[in-house]
Each structure stands twice: as structure tokens, then as C-alpha cells.
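I have placed the structure first, in the form of C-alpha cells, so that the comments after it can refer back to it.
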Amino acid sequence: MVYTRNLKLSILVSMLILLALLIHAAPAPAQDSTRWPTAGWMTSTPEEQGVDSVRLAKMLAYVNDEDYNVQGVVVIRHGVMVAEAYRAPYTAETRHHIFSCTKSFSSALIGIAVAQGYIDGVDHPVVDFFPDLIPANLDENKESVTLGHLLTMSSGFEWRGGILENPELDDLWRSSDWVQYVLDRPMSDTPGERFVYNSGGSHLLSAIVQTTTGQTAEQFAAANLFVPLGITDWMWRSDPNGISTGGWGLHLAPRDLAKFGYLYLHGGLWDGQQIIPAQWVADSTRQQIKAGGQWLAEGYGYQWWIDAEGYFMALGYGGQYIIVAPERDLVAVFVSGLPTRQFSIPETLFASFILPATESTEPLPANPEGNAALQTAIDALANPTASVPELPEIARQISGQTYTLEANRMMNLHSLSLIFADDSAQMVIDGALTLAVGLDGRYRVTPIDGPGELPVMARGAWTRDTTFTLEVAQIGEAENLTIRLTFEDRALRVSMTENSSGNMERFEGKIAGA
């Protein structure tokens, strides 16, 4: 009996030991190795993430040599920031107006609202979201426009022009009720039939978020998108009725734009939380309609451009780009102030330098020389060479003189004066606003008081014996002005060119009291 009891005890102990060994030998549950940059991006050398630093260095050197107004670049591989560069005076903390990249954020908010039950789906008729508004030109076509048609730019609303300019957008800005203006547009096509780029339709997306959730798109984004991603600094413009602008108007820093791209790279998942439904991300980033080859990309999803090479993009006026390449586990961000003729430069840089740099799926051998070249290129953008030419005699003659100006439209200036010092000057506008102007090739930045006001950067040089040329821009905006001031006796000729659009204006002035 004792023997039997001992045998049973021995067997039990052996089984427990075997079980312990099996448990110890069993593979542990797979750990998610994804890096989540909620608190900030991890960094490494490019080679550690399988990226060729030499190609990245050549890209930045090319941007600098060609003087392309690319203001910031961020490259993320395997969840790690392998390159970051900014053209002075921009820094990592500078918010940029991302223009039509805002559309992709509006689409994300619609997807979140659908997931939370505020919206029943993309087949919901648009006019039904606005029961208190009576659209003009209402017919069966307009009644059949759905949320999905807005998302895919196929609403059929008449919207002339092209990707970057159209007369309806100008009329929209002048309207007191933007939602009503868009809903009142006549129908030019059957809904779903043809891609027509329509920023007014994107504004309706924001209005739909507001009318269904009771929150502005900005408020809804803050709680459901920005805060979960660790985005704490943003600005979002509104229309005259307090509706967040759905097609443009969002200002974010490049690192935070990269977070948004990274969220889409991971199917809307962020550190264990499904921020945007995975199916919504999949539907948003596949071709829903052919975009007609309007030189940006062949396909269009839900407010995302779909490239035939396997990546998708959020694009904005002036060269704002968020590019996501899932096959490369790659996100690239460009913020720029490029003229329209150079709008595609960031995608060219991505295709010509970044994609070839990320062909390896494994870490590359360390490359100290390549990393040194990359750092040199980064430093060249951040610290342009300062050179102070000698001021011509005319600078001393006109310094401090006030010129009264003819009526003008671009800046609505009434008077200006210039005060020259050694390496900088002051431009006094209308006797009230004083802008610092660099004379050494470097911008000077002037803060501007008031809510939503952006700092102004300016630099200038004497480009001819009697012509002083200024470059002026608001920090974070794509538009930048070239102002040529030609002084003749007691008169002044002014030529202003808005570099992004190419718009130009000429007018004259004279010394006050002359």
C-alpha cells in the first residue's frame, strides 16, 4: 500500500516536472515589436534600418544646390526616424500649413465617426446631413450624391478649373456660408461617374463631422486622433460659421505629419488601439476612381492619392507631401513653399532618392562617411552661408525715407520705408508694422501679434544699382513674395510676385510730401 502510494506520488512529481519543462520550452506569445512614437520618434543611422545614407545625403545636397524651397524633410523606416532636415529658419517645431493634406485628415475623421456610430456609412445621401439647408438646383442627381462620392471626388457638383486653381474656390472664400455655397452648385455630372477635384466637397466632409457628432472637426480630431497619437501642437482654420476647413487649413509640424502617415501604414492601429477602422484605411488607400492622370497620381481613394508604384500620398498646395510606402515599411514627409511648376519635386525626390535608398530589407553595414555626408547636407540647409555685401550709396540716400503708394491688391500697402544697418534692415509698413530684413543671405523673423497670426521672415539684397529685392513669407505658409523696389529720383516702382501661384502686381510710389 505504501509502495503504491509512493509510486503514485513519484508519477505525479514526474508529470509536474514534465509539465514545467513543456511550459518552459513552449514559445512565448509573440511580442509586438512595432515602435510607437507617441512620445517622440526613435532615431538611428540610416544603415541600421537598411537605408543608404549616401543617397539621402545626395538628395538634400541636390535640394540645396538647386535652391528648391523644400522647407523640411522627415524619413521614417521601420518606425525609426533615419533622416530629418530643415531649411533655415524652419525647425522641427515649426507648424506648417499643409493645405490639401488636410483632406486626408477629414477622411480619417469620417472613418472614425462611422466606427463610433455617428454616421451609418458612405452610401448616406449628402443633402440628408443638412436638413435645415435647402440646396439650389436640387434634382435627382443632387439628391443621389452620397458621402462616398464626396470622399472620392466624384460628387458631380460643377467645379471648374484644376487641381491647384479654380474660380469656384475663390467664390467660396468670399461666401458667407461655405456649406450652402457648395450645396447650391449645379450638377455637371452623374454622381460617381467622373473624378473632379473639388475642395468644396472636402469642406462638406468637415461639416458632416460637425453636424453628426456635435463637435467641430478640430474638436473631434483632438479627442479621437491627435491626443492618442501624442500630437499636442496644431492650428486649424475655420470658415465664417466656425466649421473647421475640411479641404485645407490644418497646421502641423512635420514629425506629427509622419505620425499620421505611420498610423495609415499600420492600418489605423496605434499601440494596441484601433484609432481608425482597418477596413476604412484599406478602402481609403486603394483606387476607388481613376483620377484621369492629372499629373499627381493615376488613382484616388478616400481623399488619398494612389500611385501605381504601390505607395499612397496626401498632397497639399506648395509641395506638402505625406508619402506612405507599405512594401518598404516607409513614411516620408515633405513641407515646402514651391511654385506650381515645381509642385511634383517632392515626389520626384522620393522616387529618385528615397526609394532607391530603401531597397534593402536588412540592416546595411555601418557607413561613417555616408553619415558624415548626410550631416553635412543637413547642416548646409540649417545654416546657410552668411555674406554681407557693402551697401551702395543709394541705400544711404533712401534709408529712412517714407514712400506713399498707389492702390495695390496683394498686400494693400499704403506706405513703406527702409532703414539700413550693417547686416540687416527694417521695413516699416504703413508706419505701424516693422519687419526685420536680413542683408546677409539669412532670413530675419518678426513675430506678429494676434490670434492665429504667423511670424514673418524676410531677407533682401541689392540686385541692381537702384533695385532692392526682398523675399518675404509667413512662417509655415507656402506662399512667398518677391518684392522688387526700384528707386528713381524721388519715385519708387514696386513689382510683387507671389512665387507659388505666379501672380504678379506692379504699382508706384513717391516720397511722402513730394
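For the sequence shown, this note's numbering begins at -17 and goes up steadily by one. Heads up, the beta-carbon is just placed ideally off N, CA and C, and yes, glycines get one too. Please read all numbers here as calculations on a predicted model, not as lab measurements.
Buried or exposed by the 16-neighbour rule on C-beta atoms within 10 Å, applied to residue i
{"i": "S136", "result": "buried"}
{"i": "S184", "result": "buried"}
{"i": "N206", "result": "buried"}
{"i": "R488", "result": "exposed"}
{"i": "V150", "result": "Per the sequence presented here, residue 150 reads as Glu, with Val not at that position. When all chains shown are included, E150 counts as buried."}
{"i": "Q324", "result": "buried"}
{"i": "E470", "result": "exposed"}
{"i": "D311", "result": "buried"}
{"i": "I430", "result": "exposed"}
{"i": "E341", "result": "exposed"}
{"i": "H6", "result": "The pLDDT assigned to H6 is 43, lower than 50, so where the model puts this residue is not dependable; a value taken from the coordinates is nonetheless given after this. By the 10 Å Cβ count, H6 comes out exposed."}
{"i": "M409", "result": "buried"}
{"i": "V438", "result": "buried"}
{"i": "M486", "result": "exposed"}
{"i": "G281", "result": "buried"}
{"i": "N51", "result": "buried"}
{"i": "N180", "result": "buried"}
{"i": "V(-16)", "result": "Unreliable placement is indicated for V(-16), whose pLDDT of 38 sits below 50; the coordinate value is still reported in the next sentence. Burial call: exposed."}
{"i": "E435", "result": "exposed"}
Those residues which DSSP pairs with residue i across a bridge
{"i": "I411", "result": "L398 and L415"}
{"i": "T528", "result": "In the structure as shown, the chain starts at -17 and stops at 496, and residue 528 therefore has no counterpart that could be examined."}
{"i": "F450", "result": "W444 and L467"}
{"i": "V317", "result": "G54"}
{"i": "V62", "result": "M24 and R59"}
{"i": "M439", "result": "V427 and A455"}
{"i": "S477", "result": "R466 and R488"}
{"i": "G298", "result": "Q302"}
{"i": "M217", "result": "H233"}
{"i": "G281", "result": "K272 and I288"}
{"i": "P107", "result": "T128"}
{"i": "Q98", "result": "BP columns for Q98 are empty, so no partner."}
{"i": "G420", "result": "S406 and R441"}
{"i": "L165", "result": "In the DSSP output, where bridge partners are listed per residue, L165 has none listed."}
C-alpha gap between residue i and residue j, whole angstroms
{"i": "E480", "j": "D215", "result": "28 Å"}
{"i": "A440", "j": "T464", "result": "10 Å"}
{"i": "F242", "j": "F332", "result": "18 Å"}
{"i": "L91", "j": "L187", "result": "9 Å"}
{"i": "Y293", "j": "S334", "result": "14 Å"}
{"i": "V62", "j": "Q261", "result": "26 Å"}
{"i": "S266", "j": "D47", "result": "37 Å"}
{"i": "D153", "j": "S369", "result": "45 Å"}
{"i": "H79", "j": "G319", "result": "10 Å"}
{"i": "N394", "j": "R475", "result": "15 Å"}
{"i": "Q357", "j": "R426", "result": "24 Å"}
{"i": "W508", "j": "D166", "result": "Missing from the structure shown is residue 508; the chain here goes from -17 to 496 and no further."}
{"i": "E344", "j": "V108", "result": "48 Å"}
{"i": "R424", "j": "T367", "result": "8 Å"}
{"i": "R69", "j": "S126", "result": "48 Å"}
{"i": "P9", "j": "S15", "result": "For P9, the pLDDT reaches just 42, beneath the cut-off of 50, and the residue's location in the model is therefore unreliable, leaving the point undetermined."}
{"i": "A296", "j": "G283", "result": "11 Å"}
{"i": "D289", "j": "A279", "result": "5 Å"}
{"i": "P19", "j": "T25", "result": "10 Å"}
{"i": "I213", "j": "I58", "result": "17 Å"}
{"i": "S82", "j": "W252", "result": "24 Å"}
{"i": "W155", "j": "R219", "result": "12 Å"}
{"i": "Y385", "j": "S157", "result": "35 Å"}
{"i": "M392", "j": "S477", "result": "11 Å"}
{"i": "P321", "j": "I327", "result": "10 Å"}
{"i": "N148", "j": "V178", "result": "11 Å"}
{"i": "G54", "j": "Y72", "result": "7 Å"}
{"i": "T27", "j": "I336", "result": "15 Å"}
{"i": "G484", "j": "E459", "result": "15 Å"}
Short CB-CB distance (under 8 Å) between residue i and chain C
{"i": "A407", "result": "In summary, chain C is missing from the structure at hand, where a single protein chain is found."}
Anticipated Cβ contact below 8 Å, residue i with residue j, distance rounded
{"i": "Q31", "j": "H60", "result": "5 Å"}
{"i": "I411", "j": "G382", "result": "Not really, about 15 Å apart at Cβ, beyond 8 Å."}
{"i": "I258", "j": "G93", "result": "5 Å"}
{"i": "A67", "j": "I457", "result": "About 17 Å separates the two Cβ atoms, so there is no contact after all."}
{"i": "V263", "j": "G254", "result": "Wrong, their Cβ atoms sit about 16 Å apart, outside the cutoff."}
{"i": "E453", "j": "S482", "result": "Wrong, their Cβ atoms sit about 13 Å apart, outside the cutoff."}
{"i": "A189", "j": "V161", "result": "5 Å"}
{"i": "L133", "j": "Q285", "result": "6 Å"}
{"i": "H131", "j": "P173", "result": "5 Å"}
Can we say the segment 34 to 53 touches the segment 213 to 233, given the rule of at least three CB pairs closer than 8 Å?
The segment 34 to 53 is not in contact with the segment 213 to 233.
*Could you tell me whether the segment 70 to 84 touches the segment 121 to 129, using the rule of 3 or more Cβ pairs below 8 Å?*
Because the criterion of three Cβ pairs below 8 Å is not met, the segment 70 to 84 and the segment 121 to 129 do not touch.
- prompt: Touching or not, the segment 295 to 314 and the segment 238 to 258, by the rule of three or more beta carbon pairs under 8 Å?
  reply: These segments touch.
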